[in-house]
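These notes concern the structure reproduced below.
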Ligand SMILES: Cc1cc2nc3c(=O)[nH]c(=O)nc-3n(C[C@H](O)[C@H](O)[C@H](O)COP(=O)(O)OP(=O)(O)OC[C@H]3O[C@@H](n4cnc5c(N)ncnc54)[C@H](O)[C@@H]3O)c2cc1C
């Protein structure tokens, strides 16, 4: 099928195309229009809805539990850890400023890490991490709140470390509000538009999507875990699948807030009387290194066991629903944000912290495009 003159002019030849309508791609598109309103910008998304991680996570507004940050100190050094935390915090603030706190239902109810018997030495590290983070936050971030363990009803938990700055949000509202914001800026978002090939020409980039060829001057690739299929060259990028279950407890939940254990591999939170619980990717890393959506029964069983043994001991509950999302990891926790040619920029590999850093990564992508 040939496209008409009108289609070519009004739909198929924007100045900039962004591939991927997750938080990174939509934020990149928004930053482009905020900085250069005269540009025409389109976003191409393969799904009817965004189909990666951005609408599949559990809605944590966090910047790292203490065991994760200790691990970051080991791998990146103290300064590297602090820089990561600052980026996550600044990213969350940017999202809130852009969209409005109430629009994304962000609530700062505190975050907690559950510490088990064999990990008790983590508690001794609280002053070390607090001191490193003090210059940025001007407050102690972490403290033990062991008095809440019995109130919350957790079993087999030796310590509870509280972060009073951590919050939770509605990830569906975040993306739908960002989507609306982009539309108000005049950005066209095309769904059901899977890009199968990118061809750089002398004066433009051809972006091929089914039978349609879009042409643009600059291209941003924000396809996170699904980028290898599109990009030439070798990238340190592995997909990682994460599961979330929505649980309806038979009695009122005795806790509110966001919770993590085992370096963030397990996470749960309250959501208007329900419990969202997920993780356990670490017990089946090989099987979960996949771009295919799906729920691994071994992981589900482990999560159900932990509900009975740790989170809701002695209480009955029903599993309302479950889903999975695909993240992107590398040997390094930093995202890959770079110009791969004078026309193509990428912003990928958001790891397990893309809700926090996605808007900043989008902004960096936009800045590289506008150079
Ligand atoms: C279970 C789970 C828990 C998480 N917990 C947290 C957390 O506590 N804190 C936190 O900050 N982050 C968390 N994350 C991570 C966060 O959700 C991601 O890092 C972030 O959403 C990545 O955003 P993105 O826009 O880069 O990628 P994505 O959201 O994956 O968006 C990429 C988009 O590109 C589209 N696409 C791919 N290929 C093509 C193509 N060829 N053509 C067109 N479109 C294409 C996809 O459909 C997708 O919509 C979690 C994620 C999951 C799954």
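In the working numbering, the protein residues as written are 1 to 371.
Glycine is no exception: its CB is placed at the ideal position from the N, C-alpha and C atoms.
Bear in mind that the values here come from a model prediction, so they are computed numbers and not experimental data.
Own chain partners of residue i with C-beta closer than 6 Å, once the 5 adjacent residues on each side are dropped
| i | result |
| --- | --- |
| residue 153 | 254 |
| residue 71 | 263 |
| residue 167 | 61, 106, 107 and 108 |
| residue 132 | 78 and 82 |
| residue 20 | 222 and 223 |
| residue 46 | 194 |
| residue 339 | 345 and 368 |
| residue 329 | 238, 240 and 351 |
| residue 318 | 248 |
Residue i - containing beta strand (DSSP E), residue span
| i | result |
| --- | --- |
| residue 325 | 317-329 |
| residue 76 | Where residue 76 is concerned, there is no enclosing beta strand (DSSP E), although the alpha helix (DSSP H) it sits in stretches over 66-99. |
| residue 270 | 266-271 |
| residue 239 | 238-249 |
| residue 144 | 142-144 |
| residue 44 | 41-44 |
| residue 205 | 205-209 |
| residue 215 | 212-216 |
| residue 134 | Counting along the chain, residue 134 falls outside any beta strand (DSSP E), though it belongs to the alpha helix (DSSP H) covering 126-137. |
| residue 112 | 111-115 |
| residue 285 | Unbroken run through residue 285 is the alpha helix (DSSP H), 285-288; no beta strand (DSSP E). |
| residue 196 | 195-200 |
| residue 276 | 274-279 |
| residue 162 | 159-163 |
| residue 337 | 336-339 |
| residue 177 | That residue, residue 177, is in no beta strand (DSSP E); its alpha helix (DSSP H) goes 171-184. |
| residue 122 | First-last for residue 122: undefined, no H or E at that position. |
Contact test: residue i Cβ vs ligand 1 heavy atom, cutoff 6 Å
| i | result |
| --- | --- |
| residue 362 | no |
| residue 121 | no |
| residue 226 | yes |
| residue 24 | yes |
| residue 54 | yes |
| residue 353 | yes |
| residue 291 | no |
| residue 247 | no |
| residue 126 | no |
| residue 321 | no |
| residue 177 | no |
| residue 244 | yes |
| residue 46 | yes |
| residue 50 | yes |
| residue 195 | yes |
| residue 277 | no |
| residue 95 | no |
Close Cβ partners of residue i (< 7 Å) along its chain, the five nearest in sequence each way excluded
| i | result |
| --- | --- |
| residue 366 | 28, 31, 32 and 35 |
| residue 204 | 215, 216 and 217 |
| residue 192 | 48 |
| residue 73 | 81 |
N-terminal and C-terminal residue of the alpha helix (DSSP H) that residue i is part of
| i | result |
| --- | --- |
| residue 9 | 5-10 |
| residue 34 | 23-35 |
| residue 348 | Note, residue 348: premise wrong, no alpha helix (DSSP H); beta strand (DSSP E) at 344-348. |
| residue 310 | Element bounds for residue 310: n/a, residue is neither H nor E. |
| residue 152 | 147-152 |
Chain B contact for residue i (CB, 7 Å cutoff)
| i | result |
| --- | --- |
| residue 48 | No chain B is present in this structure, which holds just one protein chain. |
Same chain only: Cβ atoms within 8 Å of residue i, ignoring 5 sequence neighbours per side
| i | result |
| --- | --- |
| residue 257 | 109, 110, 111, 112, 166, 168, 269 and 270 |
| residue 96 | 104 and 106 |
| residue 183 | 189 |
| residue 196 | 208, 209 and 210 |
| residue 144 | 123, 126, 159, 160, 161 and 162 |
- Query: If you pair each beta-carbon of the region 104-117 with each one of the region 76-91, do three or more pairs fall below 8 Å?
  - Reply: In short, these stretches do not touch, since the Cβ pair count stays below three.
- Indicate whether the contact test is met: 3 or more Cβ pairs, each with one atom in the region 46-55 and one in the region 222-240, closer than 8 Å. These segments touch.
- Task: Taking 8 Å as the threshold, find out whether the region 89-101 comes into contact with the region 143-158 through three or more Cβ pairs.
- Result: Of all C-beta pairs linking the region 89-101 to the region 143-158, fewer than three are shorter than 8 Å, placing the two stretches out of contact.
- Task: Flag this pair as touching only if the region 231-248 and the region 270-287 have three or more C-beta atom pairs under 8 Å; answer yes or no.
- Result: Per the Cβ contact rule, the region 231-248 is in contact with the region 270-287 (3 or more Cβ pairs under 8 Å).
- Query: For the 8 Å Cβ check, are there 3 or more pairs between the region 183-203 and the region 245-253?
  - Reply: Too few Cβ pairs lie closer than 8 Å, so no.
- Quick one: any contact between the region 346-362 and the region 313-324, if contact means 3 or more CB pairs under 8 Å? In the pairwise beta carbon analysis, the region 346-362 is classified as not touching the region 313-324: fewer than three pairs are separated by under 8 Å.
- Query: Looking at C-beta atoms only, is the number of pairs between the region 349-364 and the region 318-336 that lie closer than 8 Å three or more?
  - Reply: The way I'd put it, the region 349-364 does touch the region 318-336; three or more beta-carbon pairs between them come closer than 8 Å.
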